[in-house]
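Just so you know, the sequence shown maps onto residues -23 to -1, 1 to 72 in mature numbering (1 follows the signal peptide of the UniProt record, and there is no 0).
Have a look at the structure below before the remarks.
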Amino acid sequence: MDVVKSSVVSLFLLALLVQIVLQSRVTECQAQTCSASLANLNVCAPFVVPGAPTASAECCSALQSIDHDCMCNTIRISAQITSQCNLPPLTCPTN
């Protein structure tokens, strides 16, 4: 009976390990996809300064192609960078 329990526990741990490895691969792949999508936003650079003209169709297309979670996670991470650099938090008034 102890051999059966030991085998079941071993199989469970092996399955858990495989799941962790697969999840890390998926996360890595998602990060690469997110980075590539964000790099496509370079076409929007001229439109993010005060007094800039209306965004181009190319910029709007690049923005539309970005996954919602990718964009939100990027904004969250960028908001944390100030504290990592010992700067006050960034606060922006709403217009």
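Positions of the beta carbon are idealized from the N, C-alpha and C atoms, including for glycine.
Check, Outcome
"Rounded straight-line distance, which links the Cα of Glu35 to that of Gln41", "10 Å"
"The segment 44 to 59 / the segment 26 to 34 touching (three or more Cβ pairs under 8 Å)", "no"
"Whether Thr71 touches Pro65 by CB criterion (8 Å)", "no"
"Ser38 Cβ short of 7 Å to the ligand ATP heavy atom set", "As for the ligand ATP, it is missing from this structure, which has no ligand bound."
"8 Å Cβ cutoff met for Cys62 and Ala39", "no"
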